[in-house]
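The structure appears right after this line, and notes come after that.
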């Protein structure tokens, strides 16, 4: 009988040890704990750093002068796109980092019309600042930098916000008919349907 009691006591003790050694957590708690150990990608900081330390310093020397690009687009579109455009993915939508100078001809509700020294007119956007042109036109951002495509898309949104807050107000202030200005900006073109009569540039620098 005493041996039986010893076996029962030992079994109970073993059960208590096993019970205290194993515990369960909700799956959501485990996932949350895993995420908390990884630094969250700071989109706003990335966009601001890219704008300040990469895009603005590189733009003056890497932007293609519209006086060079526009004639090339008229005579050899394939060369113009292959030589001067950028894009993170495949497809017909391509982006150009461009610069130019000219005279303000008109100030519209959504843009400023500028006649270049070569005679062509471009429109500097002041309202509809969207898309990936600012992010992609320089070719300085690589898709391999991002683990999440949502972060990549949010970088575009943040860069567009920077244009709205830091560039557009200055453009609106100085844009008066007859005023001579120089600009650097990002331009989107569809290589399958190139229309040069209504060129719109998102400005990133105005002088």
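Numbering (this note's numbering), first residue to last: 1456 to 1662. The C-beta atom is built at its ideal place from N, Cα and C for all residues, glycine as well. Keep in mind that this is a model prediction, so the values were computed, not measured.
Contact the region 1633-1651 vs the region 1553-1562: 3+ CB pairs below 8 Å: yes
Straight-line Cα distance separating residue 1632 from residue 1602: Here the question's residue 1602 lines up with position 147 in the chain shown. Here the question's residue 1632 lines up with position 177 in the chain shown. Answer to the nearest angstrom: the Cα atoms are 46 Å apart.
Proximity to residue 1562 [Cα-Cα], best of 1551, 1549, 1576 and 1550: Sequence index remark: in the chain shown, residue 1562 carries index 107 (1-based). When each option's Cα is compared against that of residue 1562, the closest is 1576.
Length of the line joining the Cα atoms of residue 1604 and residue 1495: Stepping through the chain shown from its first residue, residue 1604 is reached at position 149. Stepping through the chain shown from its first residue, residue 1495 is reached at position 40. The alpha-carbon atoms of residue 1604 and residue 1495 are separated by roughly 14 Å.
Outcome for residue 1566 when other beta-carbon atoms lying within 10 angstroms are tallied against a minimum of 16: Stepping through the chain shown from its first residue, residue 1566 is reached at position 111. Buried, since its Cβ has 16 or more Cβ neighbours within 10 Å.
Coarse secondary structure for residue 1605, derived from DSSP in three states: Position 150 of the chain shown, counting from 1, holds the residue named residue 1605. Helix, per DSSP.
6 Å CB neighbourhood of residue 1650 in its chain, flanking five on each side removed: The residue labelled residue 1650 in the question sits at position 195 within the chain shown. Cβ within range, chain order: n/a, list empty.
Assigned secondary structure, residue 1616 (DSSP; H/G/I helix, E/B strand, else coil): Translated into the one-based positions of the chain shown, residue 1616 becomes position 161. Looking at residue 1616 - three-state DSSP - the assignment turns out to be helix.
CA-to-CA distance, residue 1508 to residue 1583, given in whole angstroms: On the chain shown, position 128 is the one that residue 1583 refers to. On the chain shown, position 53 is the one that residue 1508 refers to. If you take the alpha carbons of residue 1583 and residue 1508, they lie about 25 Å apart.
Cβ pair count under 8 Å reaching 3, the region 1653-1661 against the region 1580-1596: yes
Buried or exposed by the 16-neighbour rule on C-beta atoms within 10 Å, applied to residue 1629: In the chain shown, counting from the first residue as 1, residue 1629 sits at position 174. Counting Cβ neighbours within 10 Å, residue 1629 comes out exposed, since fewer than 16 surround it.
Enclosing alpha helix (DSSP H) for residue 1625 [first to last residue]: As a working note, residue 1625 is residue 170 in the chain shown. Start and end: 1623-1629.
Proximal residues to residue 1614 (C-beta, below 6 Å), its chain only, five neighbours per side dropped: Looking up residue 1614 in the chain shown gives position 159. 1502, 1589 and 1590.
Straight-line Cα distance separating residue 1579 from residue 1522: For the purposes of this step, residue 1522 is identified with residue 67 of the chain shown, where counting begins at 1. For the purposes of this step, residue 1579 is identified with residue 124 of the chain shown, where counting begins at 1. Taking the straight line from one Cα to the other gives about 16 Å.
C-alpha distance - residue 1541 paired with residue 1533, whole-angstrom precision: Mapped onto the chain shown, residue 1541 falls at position 86. Mapped onto the chain shown, residue 1533 falls at position 78. When rounded, the distance between both Cα atoms is 13 Å.
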